[in-house]
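Below is one structure, written out as structure tokens; comments come after it.
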Amino acid sequence: MKDRALALALSFPQKQRKNVLREYMQANILYSIQQSGAFQYIAFQGGTALRFLYSIKRFSEDLDFALEKKEGFDFRKMKEKILKDLQYGGFQVTIHEKKPKTVKVLSVRVSEVLFKAQVSRRENENLDIHVDIDTNPPSGAHFMTTLINHHFVLSLRHHDLASSMAGKLHAVFMRPYVKGRDLYDLLWYLTNVQKVAPNILFLNNALKQTGWKGAGMTEENWKKELFAHISKFNWEEIVRDVSSFLEVPSEAKFLELKTFEGLLH
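In my numbering, the protein residues as written are -10 to 254.
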């Protein structure tokens, strides 16, 4: 697998190789999670889920999950399966488990590949991927299971689009800093041909859980509340944050308040 990863990365322009390598490693990790049986208990969520499930045209960094069924979930088994599979595939890898919090985090660190793919001049620079599992997710999400083929055949249990959109809105409202990838994802939802609308119950439960002080969200007011919130953002920073993750860099030009004004009014 390591040789395949390097060959794949080297077939892309140098600027995209880190993204391509990371995504290949993400697919490996998802396959190991699947083989460990963890998808009986967890649901894939977040921007990386959009990438794998709906081919959104931006790369991502971490793998995010919600623990929906606590009884029987074996975190250690999942961790050991990931480590064993990556080592068997020829990767030099370590996995560090961060101290227990509401979100359990596995930090997967892969050495050598950035240097060998001619991404980094430093042989000791690592490729890092976090596996984040929210052990106390808000209630109200709806779920699906989708079979995809992305480096591996993967059967992924995940939030449906309405719940996924609600999760993204929650991130936009409550993240303590502005993340350009959130706004790119939001643009994708708002322009999606399926005309997706957020799961309002799930959104309100998530906001309440994290201390939201504003108005409760309804089908009638969420667009108004969202526009008022994003009107405060620094859009130049948003573009800088997301640009290196875009498959089509020119799409960054759509990330401006004027675009969202048209979509939300």
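The C-beta atom is built at its ideal place from N, Cα and C for all residues, glycine as well.
Asked, Found
"Status (buried if at least 16 other CB within 10 Å, exposed otherwise) for Q15", "buried"
"Endpoints, beta strand (DSSP E) assigned at W148", "Residue identity differs from the one stated: residue 148 is His in this sequence, not Trp. Segment F141 to H148, the beta strand (DSSP E) holding H148."
"Euclidean distance between Cα positions of F243 and K213", "20 Å"
"I227 beta carbon less than 8 Å from that of L172", "yes"
"Continuous beta strand (DSSP E) assignments of at least 3 residues falling wholly in the segment 66 to 98", "81 to 86"
"Alpha-carbon to alpha-carbon, V97 and K105", "18 Å"
"Closest by C-alpha distance to N125, when choosing among A241, S239 and A55", "A55"
"4-residue-minimum alpha helix (DSSP H) runs that sit fully inside the segment -8 to 53, ordered along the chain", "3 to 25 and 36 to 43"
"Element boundaries [alpha helix (DSSP H), containing V228]", "W224 to V231"
"Extent of the continuous beta strand (DSSP E) run through D256", "Nothing can be reported for residue 256: it is not among the residues displayed for the chain, which extend from -10 to 254."
"Cβ pair T37, S25 closer than 8 Å", "no"
"Helix, strand or coil at V120 [DSSP, three-state]", "strand"
"Cβ-Cβ distance between Q34 and D51 below 8 Å", "no"
"Counted within 10 angstroms of its Cβ, other Cβ atoms place G278 as buried (16 or more) or exposed", "Residue 278 cannot be examined here, being either before or after the span of the chain that is shown, -10 to 254."
"Nearest residue (CA-CA) to A186, options D63, L158, S0 and S232", "L158"
"Nonlocal neighbours in the same chain, by C-beta distance under 6 Å from D149, ignoring five residues either side", "H131 and M133"
"Supposed contact pair A32 and P127 - C-beta distance, whole angstroms, cut 8 Å", "In fact, because the Cβ distance is near 12 Å, the residues do not count as touching under 8 Å."
"Beta carbon of Q81 nearer than 8 Å to that of S100", "yes"
"Backbone CA spacing between I118 and V182 [nearest angstrom]", "31 Å"
"C-beta atoms of H140 and Y13 nearer than 8 Å", "yes"
"G61 burial status per 10 Å Cβ neighbour count (16 or more: buried)", "exposed"
"Paired residues, beta bridge with F132 - DSSP", "H148"
"8 Å contact criterion, which G129 and L39 should meet: CB distance rounded", "Not really, about 19 Å apart at Cβ, beyond 8 Å."
"Cβ-based burial, D74 [other Cβ within 10 Å; buried from 16]", "buried"
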